[in-house]
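In terms of the numbering used here, the sequence shown is residues 52 to 388. Here is the structure we will look at.
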Amino acid sequence: MQENGKVVDIAIIGAGPGGMACAIEAKLAGIENIIVIDKAPHHNDMIHKFYKKGKRVDKDWMGIKFEFKGNVTFEECSKEEYILQMDEKLKNAGVLDKFEYNHDIIRVNKGADGLFEIIFGHDTVAEGIEKMRAKNVILSVGRMGKPNKPKYPFPKELKDRLNFNLSKVQNGERVMIVGGGDTAGEYAYGLVELEDMNDCVVTLNYRQAEIKRMNPLNTQMCTKYLDNGKILNKMGVDIESVEPTVDGKIQVNFTDGTNAEYDRAVYALGGTTPKDILVNSGVKTGEWDVPVFNPETMETNVEGLYTIGDVVTDQGSIALAFNHASFAVSNIASNLK
Ligand SMILES: Cc1cc2nc3c(=O)[nH]c(=O)nc-3n(C[C@H](O)[C@H](O)[C@H](O)COP(=O)(O)OP(=O)(O)OC[C@H]3O[C@@H](n4cnc5c(N)ncnc54)[C@H](O)[C@@H]3O)c2cc1C
């Protein structure tokens, strides 16, 4: 367990090939004061989950040849042997105690003091590390993340109306925001305050009756608008199901037997997509939404914020993620001197 309130030299978000290689590269560069945070219960979760049993792990994945540029390499082998190789590499490097698992990160914020604050998802209990700040952050969150969905099914007729962000909201719609964390709060009062959305009727739904998981600013803003009726309060009740109305809108059936009709529901239940984490952390995106970064250092437009691996490439591989890790860590190491 890491010491709370501490300032680390590097916070690495994601413990796939990219993130774990960063930890080893940092150790070899003499940077000991790091943390690696992953939402899964172990490193290399994508490989655990998505590679078939016994799959051969190729170095030149999809026919693209890579030379290892840094200190971390692997021998071609089966999926199971690859995981064992990585366990061994992390153990030999002496970095296993830097890894903190089961923590979902939604973004990082750079403060006026130049340090990054790490924002945990509202269902994450980050006891012991929630106040940690970092001089540098490496986002190595891959491409496989997706927003959390509720347990009830989404009827296919409502696919376009049940969303995970505000991008489809039209002015004048009745919109229900579902969730109790910061994202839900920011969506709800954000819609109320957006000038070109001010004909929307916004409802906030959360299973708890009170706001408990938002930061003080978001709590204050939501409370203000809930109190003056600009955000309609549907808190303290869960949703049982959603179904299409005859005119194709959403009928929401609540667990207390009531129901209501909306044009759109926006779910903010954690588990943001990897690209959202980058964008919400201030990383600019260019054409086709590709994050903008320096390919030699992997640094983004936010000084001290790096991004590596699958999240910044369409043709990712383990070797490429290892190489990115080496570029990012060597740049950080020279800046820390
Ligand atoms: C089926 C399949 C087979 C493949 N076979 C090969 C192969 O043989 N050889 C090869 O070189 N490549 C192969 N690849 C590609 C390779 O697996 C990827 O390029 C590589 O895993 C990318 O590493 P990464 O660290 O960028 O991302 P990932 O491996 O996706 O790791 C990202 C990590 O970030 C964590 N994370 C995500 N979001 C958050 C969050 N919000 N908070 C905290 N943690 C988070 C995830 O839990 C995960 O552990 C294959 C890919 C697939 C899908």
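Glycine included, C-beta positions come from ideal geometry on N, C-alpha and C.
The beta carbon of Phe378 sits closer than 7 angstroms to those of Glu347, Thr348 and Met349, all from its chain and outside the five residues before and after it, given in chain order.
Bounds of any alpha helix (DSSP H) do not take in Glu168; it lies within the beta strand (DSSP E) bounded by Phe167 to Phe171. Relative to ligand 1, Pro198 has its C-beta separated by 6 angstroms or more from all heavy atoms. Put simply, the region 91-100 touches the region 63-71. At least three CB pairs are less than 8 angstroms apart. Met349 carries a coil assignment under DSSP once its states are collapsed to helix, strand and coil. Remark: three or more beta-carbon pairs, one from each stretch, lie closer than 8 angstroms, so the region 120-130 and the region 363-380 are flagged as touching.
The count of Cβ pairs closer than 8 angstroms, one atom from the region 288-296 and one from the region 199-214, reaches three, so the stretches are in contact.
Ser129 carries a strand assignment under DSSP once its states are collapsed to helix, strand and coil. Check the Cα spacing between Tyr276 and each of Thr254, Lys120 and Asp289: the tightest is with Thr254. Ligand 1 approaches Ile369 closely enough that one of its heavy atoms is under 6 angstroms from the residue's Cβ. Secondary structure at Asp365: coil, using DSSP grouped into helix, strand and coil. Inclusion of Val108 in the 6 angstroms shell around ligand 1 follows from its C-beta lying nearer than that to a non-hydrogen atom of the ligand. The beta carbon of Gln259 lies closer than 8 angstroms to those of Gly231, Met286 and Gly287 in the same chain, with the five residues before and after it left out.
With a cutoff of 6 angstroms, Gly193 counts as near ligand 1, since its C-beta is closer than that to a heavy atom of the ligand. If you draw a straight line from the Cα of Lys140 to the Cα of Ile282, it comes to about 52 angstroms. Distances between the C-beta of Pro68 and the heavy atoms of ligand 1 include at least one below 6 angstroms.
Contact between Val146 and Ala74 holds, since their C-beta atoms are separated by about 4 angstroms, short of 8 angstroms. Under DSSP, Asn284 takes part in a beta bridge, and its partners are Leu255.
In the three-state reduction of the DSSP assignment, Tyr152 falls in the coil class. Annotated three-state conformation of Glu178 is coil, per DSSP.
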